[in-house]
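Under this note's numbering, the first residue of the sequence shown is numbered 266, with each subsequent residue one higher.
Backbone N, C-alpha and C define an ideal beta-carbon position, used for all residues, glycine too.
Computed from a predicted model, the values in this text were never measured in an experiment.
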Amino acid sequence: MTKLTHLNAGGAANMVDVSEKASSQRIAVAEAEVCMNETTLAEIFEGGVPKGDVLAVARIAGIQAAKRCSDLIPLCHPLPLNKVAVEFAAAPPDRLKVTAECRVTGQTGVEMEALTAASIAALTIYDMCKAIDRGMSVQNLRLLRKEGGKSGTWVRPGS
266 MTKLTHLNAG
276 GAANMVDVSE
286 KASSQRIAVA
296 EAEVCMNETT
306 LAEIFEGGVP
316 KGDVLAVARI
326 AGIQAAKRCS
336 DLIPLCHPLP
346 LNKVAVEFAA
356 APPDRLKVTA
366 ECRVTGQTGV
376 EMEALTAASI
386 AALTIYDMCK
396 AIDRGMSVQN
406 LRLLRKEGGK
416 SGTWVRPGS
């Protein structure tokens, strides 16, 4: 049975003590997809959304979210991030892929920061486009890759 590190011996929530862990370069990449009408996808890339530049606002939202991850996820450690990048790719006919990469040199990983950045960027796309496409959905939030730390590199099969 796998030991859950966020529970103490009594089963209560516990912030993991990373003070004895070696500091190392850590990288995480996460992805989310926003499903939408074909016309909405076109309007995002053509600059036709009434609220403005959807991708610019979503990129900033994703970066801010990664920086505030420990404020949102109760047992996350606050991390001095070295890099947060949020990128977008059309996946025609009706999907927009959001990819977030986070890097830190530290004692714990950045998976939650990358996942938070991807999810908040995707939600920002929804918010900016909901007036023209209420049927959008955010799907497939997932970690694609992590590097560093004791467990080394992990890559999602098929990614």
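Q) Nearest CA to the CA of Lys415: which residue from Val322, Thr270, Lys286 and Met280? A) Lys286
**Q.** Same chain, Cβ closer than 6 Å to Gly327, neighbours up to 5 away in sequence not counted
**A.** Val351, Ala365, Ala382, Ile385 and Ala386
Q | Burial state of Val420 (16 or more Cβ within 10 Å) | A | exposed
Q: Measure the CB-CB distance between Ala379 and Cys367 and report whether it falls below 7 Å.
A: yes
Q) Is DSSP giving Ser402 helix, strand or coil here? A) strand
**Q.** Whether Cys300 touches Gln404 by CB criterion (7 Å)
**A.** yes
Q | Span separating the alpha-carbon of Phe310 from that of Asn279 | A | Rounded to the nearest whole angstrom, the CA to CA distance from Phe310 to Asn279 is 44 Å.
**Q.** Burial state of Glu296, where buried means 16 or more other Cβ atoms lie within 10 Å
**A.** buried
Q.
By DSSP's criteria, Lys415 is part of a beta bridge. Which residues make up the other side?
A. DSSP, once it has assigned bridges, lists no residue as partnering Lys415.
Q: Compare the Cα-Cα distances from Gly371 to each of Lys362, Leu346, Val319 and Leu361 and report the closest residue.
A: Leu346
Q | Simplified DSSP assignment, three categories, for Arg333 | A | coil
Q. By DSSP, does Cys341 sit in helix, in strand, or in coil?
A. coil
(Q) So for Ser384, helix, strand or coil by DSSP? (A) helix
Q. Which of helix, strand or coil does DSSP assign to Thr370?
A. strand
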